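Chemist: Numbers 2 to 477, taken from the numbering used here, label the letters of the sequence shown in order.
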Amino acid sequence: MASPSLNSNPCCFIALTEETCQGNPCSVSTESSAAEYHPPPRYGVLARGKKDVRCESREEEEEEEEGQAWRREALKALCNIIYNSQRAQERDLGWVLYFPLNLWLSNSIFLHKPLLSQERGVSMLTSALEQCLSVQWREKYEVLSDPRAPPVSTEVSQRVAEILKILFTITYRFHRQEPDEEDAALYRHLAALLRHCLKVTCDREDLTEDLQGHTVNMLSALPLQCLDVLLSARVTEGSHEWEGVNMETVHTLLTFMEKRLYRGQKLKEKLTPVLNLLTESCRVHRETRHYLRKQILPPLRDVAQRPEQEATVKGHLVRLMTHVDTDIKHCAAELLFVLCKENVSRFVKYTGYGNAAGLLAARGMLSGCQVTYSQYSSDSDSDTEEYKEAKEHINPVTGRVEEQQPDPMEGMTEQEKEEEARKLISLFNRLSRDNIIQPIGVTTSGKLEPLCGQMRESILEEEEEDPNESEEEEVD
C-alpha cells in the first residue's frame with residue numbers, strides 16, 4: 002500500500018524542496034522562536050551549567066542524525082523513481098538530482114562490477130552528458146563542434162561536473178582491467194564525448210578549467226586501449242597536426258598541464274592526474290610521444306645553465322624531480338623518462354645525473370644499464386651543432402658547462418696525494434664506524450646496497466696498519 006504522502010505521479014519527488022534534501026523537512030520558523038531575551042542591565046546573567054551544555058549538544062546530535070535519516074529516505078525514493086520510470090529519466094527537472102545523489106549513487110548502486118552492467122550506469126550517465134551538452138555527432142566517434150556556439154552556462158557546467166564525478170567513481174576501479182567488446186565500445190563512445198568536453202568553454206574561466214580537470218580525471222579512469230579515439234578526429238584547417246594525426250586533444254592537455262604547472266598550487270591534486278594521463282598516452286601512442294617530445298624536449302642548444310633553471314616546461318618538470326612529495330617528483334620524472342623512450346643516457350643528457358638519480362635508483366638503473374622496450378621505435382636523437390661543440394665540457398651531474406676550476410692537487414707529489422687519500426678514507430671510516438653515515442655503492446644490477454662488508458675490511462686493515470692512532474685519540 003502506497004504511503005498517503007506520496008503522489009501518483011512518478012516524478013513527484015523531482016520537485017522536492019531544498020529544505021527536505023538538506024535534512025530539515027519540518028522546519029518552522031516563528032518570530033517568537035527567533036526572539037532573544039535581553040535581561041535588564043542591572044542584573045547579571047547566570048552562566049550555563051555543564052549539564053545544560055551536555056543536554057544541548059546531545060539534542061543537536063539527535064537532530065543531525067534525524068536529518069541524515071530523512072535525507073537517506075528521500076534519496077531512496079528518488080533512486081527508485083529514476084530507476085523504474087523512463088519519464089523521470091528523460092525529464093529535464095531530473096538534473097537537480099545529480100547533486101544530492103552523487104554520494105548515494107557512487108557508494109550504493111554502482112558498488113560492484115555486476116551492478117555496473119545491470120544498472121546501465123555508464124550508459125545512462127553518458128546519455129545524460131550528451132543531453133546536457135546538446136551533442137550532435139558527425140561520425141561514430143567524433144562530435145560535431147560549432148566554434149560559434151555560445152559558452153556553456155554556469156548551471157550546465159556544474160551539472161556536467163557532477164556527472165563526470167559519478168562516472169569517475171564508477172569506472173576508476175576497472176580501468177586496469179581488460180574490457181570486453183561491448184564495454185570497449187561504450188568506453189570509446191565516452192572518450193569521444195570527453196574529447197568534446199575538453200574543448201567546451203564556459204561563461205567563466207575558472208569553470209572552464211574545473212571542467213577540464215574533471216575531464217582529465219575521467220580520461221585517466223578509462224582503459225588505455227580505448228583512448229585511441231582521442232587521435233581519431235579528422236585533420237581540419239587550423240588544427241594541430243603531427244605525422245598526419247590530429248593533435249588538438251593532446252595540445253589541449255599540454256596547455257592545461259602548463260597552466261597548472263606554472264601556477265604551482267596544489268600540485269599533487271591538480272597536476273599529477275594530467276601528468277599520469279600524458280605519460281600513459283605516450284607509452285601507448287607513438288604520435289603522441291613524438292608531438293610532446295617536440296614541445297617539451299626540443300634539441301639542446303643552450304647548455305650554459307642547469308636544466309632546472311630553464312624557464313620552460315622542461316625546466317619546471319625537472320625542478321619537480323627533486324620535489325619533497327614523492328608522488329609529484331615521480332610523475333614529473335616518469336613523463337620525461339618516457340619522452341626519452343626510457344633511455345638512461347638520453348634522460349641524463351636532458352635532465353642531468355643529479356636530477357635523474359632518484360628515478361634511476363628506484364628503477365635499478367644507476368649503473369647505466371639499458372632496458373629494451375619493444376613499444377618504442379628505433380629513431381635516434383639528433384644533436385644540434387651547439388650541443389656537439391659543448392658536449393665535452395658538460396658536467397654530466399649538473400647537465401651544463403661548468404667554469405674551469407683550479408686543480409686542488411696541483412704542485413703536490415704522488416706521495417702527498419696518497420697521504421691525502423689515506424686521510425680521506427680514514428675520515429669516512431670513522432664516520433661509518435660511529436654510524437653517522439652509511440656508505441652505499443651501486444651493484445652490478447644497478448641498485449644501491451650498503452658497503453658494510455667492504456668498509457669493515459677497510460677499517461680492520463687501517464687499524465692493523467696504525468694501531469697506535471686510536472690509542473692516542475682516546476688519550477686526547
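Note that the Cβ used here is the ideal one computed from N, Cα and C, for glycine as well. Note that the structure is predicted; figures quoted are calculated from it, not measured.
Jot down the residue ranges of each uninterrupted alpha helix (DSSP H) in the stretch 169-257, minimum 4 residues, whole runs only, in chain order.
Modeler: 182-200 and 206-221
Chemist: Which residue or residues does DSSP assign as beta-bridge partners of N396?
Modeler: The residue you call residue 396 lines up with position 395 of the sequence shown. DSSP output for N396 lists R401 as bridge partner(s).
Chemist: Within 10 angstroms of its Cβ, does G353 collect 16 or more other Cβ (buried), or is it exposed?
Modeler: Residue 353 sits at position 352 when you count from the first residue of the sequence shown. Buried, by the Cβ-count rule.
Chemist: Would you tell me roughly how many angstroms separate the C-alpha atoms of K392 and S135, rounded to the nearest one?
Modeler: Stepping through the sequence shown from its first residue, residue 392 is reached at position 391. Stepping through the sequence shown from its first residue, residue 135 is reached at position 134. One C-alpha to the other measures close to 56 Å.
Chemist: Identify which residue in T216, L199 and K141 has its Cα closest to the Cα of K166.
Modeler: Taking the sequence shown and counting its residues from 1, the one referred to as residue 166 is at position 165. A check of alpha carbon separations from K166 across T216, L199 and K141 identifies T216 as the nearest.
Chemist: Spell out a yes or no on whether the stretch 205-212 and the stretch 171-186 are touching, meaning 3 or more CB-CB pairs, one atom from each, closer than 8 Å.
Modeler: no
Chemist: How many angstroms separate the CA atom of F257 from the CA atom of E210?
Modeler: For the purposes of this step, residue 257 is taken as the residue at position 256 of the sequence shown. For the purposes of this step, residue 210 is taken as the residue at position 209 of the sequence shown. Taking the straight line joining both Cα atoms gives about 8 Å.
Chemist: Where does the unbroken alpha helix (DSSP H) through P274 begin, and where does it stop?
Modeler: Residue 274 sits at position 273 when you count from the first residue of the sequence shown. T273 to V285 is the span of the alpha helix (DSSP H), which, as asked, contains P274.
Chemist: So, are the CB atoms of P304 and R401 less than 8 Å apart?
Modeler: Taking the sequence shown and counting its residues from 1, one reaches residue 304 at position 303. Taking the sequence shown and counting its residues from 1, one reaches residue 401 at position 400. The amino acid occupying residue 304 in the given sequence is Val; Pro does not appear at that position. It is a contact, given that the beta carbons lie within the stated cut-off.
Chemist: Whole angstroms is fine: what's the gap from A222's alpha carbon to R264's?
Modeler: The count along the sequence shown starts at 1 and reaches residue 222 at position 221. The count along the sequence shown starts at 1 and reaches residue 264 at position 263. C-alpha separation (whole angstroms): 25 Å.
Chemist: For the alpha helix (DSSP H) containing G355, list its first residue and its last residue.
Modeler: Residue 355 sits at position 354 when you count from the first residue of the sequence shown. It spans Y354 to R364 - the alpha helix (DSSP H) in which G355 sits, taken as one unbroken run.
Chemist: Name, in chain order, the residues that DSSP records as bridge partners for W138.
Modeler: Mapped onto the sequence shown, residue 138 falls at position 137. Answer is V144, bridged to W138.
Chemist: Could you have a look at G68 and say whether DSSP puts it in helix, strand or coil?
Modeler: If you number the sequence shown from 1, residue 68 lands on position 67. DSSP places G68 in helix when its eight states are reduced to three.
Chemist: Would you mind working out which of R423, E156, C227 and T250 sits nearest R235, comparing C-alpha positions?
Modeler: Position 234 of the sequence shown, counted from the start, is the residue given in the question as residue 235. Checked all of R423, E156, C227 and T250; the closest Cα to R235 is T250.
Chemist: Let me check understanding here. Comparing Cα to Cα, which of P299, L231, I395 and Q406 lies closest to N247?
Modeler: The residue labelled residue 247 in the question sits at position 246 within the sequence shown. Checking every option, the nearest Cα to that of N247 belongs to L231.
Chemist: Using 8 Å as the threshold, is the C-beta distance between V443 and L337 below it?
Modeler: As a position in the sequence shown, residue 443 is number 442, starting the count at 1. As a position in the sequence shown, residue 337 is number 336, starting the count at 1. No, the pair does not count as a contact, with Cβ atoms beyond the cut-off.
Chemist: Is it buried or exposed for N81, if we count other Cβ within 10 angstroms and need 16 for buried?
Modeler: Here residue 81 is taken as the residue at index 80 of the sequence shown, counted from 1. It is exposed - the Cβ of N81 has fewer than 16 other Cβ atoms within 10 Å.
Chemist: Quick one: residues in its chain with C-beta nearer than 6 Å to the C-beta of F348, no 5 flanking neighbours on either side, listed in chain order?
Modeler: Here residue 348 refers to the residue found at position 347 of the sequence shown. Taken in chain order, the residues that qualify are F338, C341 and A357.
Chemist: Classify P451 as helix, strand or coil using the three-state DSSP reduction.
Modeler: For the purposes of this step, residue 451 is taken as residue 450 along the sequence shown, with counting starting at 1. If DSSP states are grouped into helix, strand and coil, P451 belongs with the strands.
Chemist: Express the C-alpha separation of G239 and I164 in angstroms, rounding to a whole number.
Modeler: In the sequence shown, the residue the question calls residue 164 occupies position 163. In the sequence shown, the residue the question calls residue 239 occupies position 238. So the alpha carbons of these two residues sit roughly 31 Å apart.
Chemist: Report yes or no: do the stretch 150-158 and the stretch 185-203 share at least 3 C-beta pairs separated by less than 8 Å?
Modeler: yes
Chemist: From K350, V161, K271 and H190, pick the residue whose C-alpha is nearest to that of E140; which is it?
Modeler: As a working note, residue 140 is residue 139 in the sequence shown. Of the listed residues, the one whose Cα sits closest to E140 is H190.
Chemist: Which partner residues does G442 have in the DSSP bridge list?
Modeler: As a first step, residue 442 is located in the sequence shown; it is residue number 441 there, counting from the start. Beta-bridge pairing links G442 to E450.
Chemist: Note the first and the last residue of the continuous alpha helix (DSSP H) segment covering E415.
Modeler: Numbered from its first residue, the sequence shown carries residue 415 at position 414. E415 to R434 is the span of the alpha helix (DSSP H), which, as asked, contains E415.
Chemist: Could you tell me which residues DSSP puts in a beta bridge with V153?
Modeler: If you number the sequence shown from 1, residue 153 lands on position 152. Beta-bridge analysis with DSSP links V153 to C203.
Chemist: Can you tell which of P407, Q439 and R302 has the C-alpha that lies nearest to the C-alpha of N383?
Modeler: By one-based count along the sequence shown, residue 383 stands at place 382. According to the sequence as given, residue 383 is Ser; it is not Asn. Among P407, Q439 and R302, the Cα nearest to that of S383 is on R302.
Chemist: Count the other CB atoms, across all protein chains shown, that sit within 10 Å of the CB of K267; report buried if there are 16 or more and exposed otherwise.
Modeler: As a position in the sequence shown, residue 267 is number 266, starting the count at 1. Classification of K267: exposed, given that the 10 Å Cβ count is below 16.
Chemist: Nearest to R196 by CA position, among Y142, Y173 and G355, is which residue?
Modeler: Taking the first residue of the sequence shown as 1, we reach residue 196 at position 195. Nearest to R196 by C-alpha distance, out of Y142, Y173 and G355, is Y142.
Chemist: Considering V339, what are the terminal residues of the alpha helix (DSSP H) in which it resides?
Modeler: One-based indexing of the sequence shown puts residue 339 at position 338. From DSSP, the alpha helix (DSSP H) with V339 extends over T327 to L340.
Chemist: Give me, in chain order, the residues of the same chain whose beta-carbon lies closer than 8 Å to that of L298; leave out the 5 immediate sequence neighbours on both sides.
Modeler: Reading the sequence shown from its first residue, position 297 is the one you call residue 298. Closer than 8 Å at the Cβ level, and outside the excluded window around L298, lie K315, L337, L340, C341 and Y351.
Chemist: Going by the beta-carbon positions, is the gap between R227 and A185 smaller than 8 Å?
Modeler: Here residue 227 corresponds to residue number 226 of the sequence shown, with the count starting at 1. Here residue 185 corresponds to residue number 184 of the sequence shown, with the count starting at 1. Note on identity: in this sequence residue 227 is Cys, with Arg being the wrong assignment. Closer than 8 Å, so yes.
Chemist: Take the Cβ of L321 as the centre, count every other Cβ of all protein chains shown within 10 Å, and call the residue buried at 16 or more, exposed below.
Modeler: Counted from its first residue, the sequence shown places residue 321 at position 320. Flag for L321 reads buried.
Chemist: Quick check on Y84: buried or exposed, where buried means 16 or more other Cβ atoms within 10 Å of its Cβ?
Modeler: Against the sequence shown, residue 84 aligns to sequence position 83. Classification for Y84: exposed.
Chemist: By DSSP, does Q266 sit in helix, in strand, or in coil?
Modeler: Along the sequence shown, read from residue 1 onward, the residue named residue 266 stands at position 265. Coil, per DSSP.
Chemist: Indicate the three-state DSSP secondary structure (helix, strand or coil) for G412 in the structure shown.
Modeler: Numbered from its first residue, the sequence shown carries residue 412 at position 411. DSSP places G412 in coil when its eight states are reduced to three.
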